[in-house]
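Here the sequence shown is numbered in our numbering, starting from -4 and rising by one per residue.
Note that beta-carbon positions come from the ideal geometry of N, C-alpha and C, so glycine has one too.
Bear in mind that the values here come from a model prediction, so they are computed numbers and not experimental data.
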Amino acid sequence: MSEDREKMLADHRRPTDADDATVSAVGSVSEALEWVERARGQLYSFHQMMGHADLQLGKAADELREAGHTAAADALEAEVVGRNVIEGRWTFQIVEDFDDGYWSTVREHERRIRDDLMGGRRHVFEAEMKEDRRTHGQRGHEATP
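Below, the structure written as structure tokens:
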């Protein structure tokens, strides 16, 4: 076995003192982090969509004004364009608060738990699942690249 392949396998091998329940529990913490990461992506999508919508509303106000609808343009600009999406906040502030608070805290805990219980190894549960489910000797089912 090549040195690179052995290292890849070792990177996902459970520590000798880790039982099945521990591997499963750490896997659950990591899976939860993956869901938080997905939610964070949705939050960034929301941030970008709302920013685009605000710019589009500004453009619409300009077009209304050019079309002679000054009152509608003025009301749109005064009441909607640049408006906070949540009391006192634009979306960048929501994203920053999420990143600095919840997301960072979950990431720190996942990392600490993985370091303490899996020796820092990632995806041990999944690596063992792969080994159990793959067809040994079958092309496309290799243990490593």
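Going by C-alpha to C-alpha distance, which of the options sits closest to residue i?
i   : options                   : result
D14 : A73, L112, E137 and M124  : L112
W98 : A122, T17 and L38         : L38
S19 : T130, V119, E126 and R128 : V119
A55 : D110, D69, S40 and R109   : D69
E29 : D127, V101 and D110       : V101
M45 : R128, V76, G22 and T139   : V76
Quick check on DSSP: helix, strand or coil for residue i?
i    : result
R117 : coil
R84  : strand
E61  : helix
R157 : Since the displayed the chain opens at -4 and closes at 140, residue 157 lies outside it and no answer follows.
T139 : coil
R8   : coil
V101 : helix
H131 : coil
A34  : helix
D92  : helix
A16  : helix
G77  : coil
Counting only C-beta atoms, is residue i closer than 8 Å to chain D at any point?
i    : result
R117 : No chain D appears in this structure, which consists of one protein chain only.
If contact is defined by three or more beta carbon pairs under 8 Å, each pair taking one atom from either stretch, is the region 86 to 103 in contact with the region 9 to 19? no
Are at least three pairs of beta-carbons, each pair with one atom in the region 47 to 57 and one in the region 74 to 82, less than 8 Å apart? yes
Spell out a yes or no on whether the region 128 to 138 and the region 31 to 48 are touching, meaning 3 or more CB-CB pairs, one atom from each, closer than 8 Å. no
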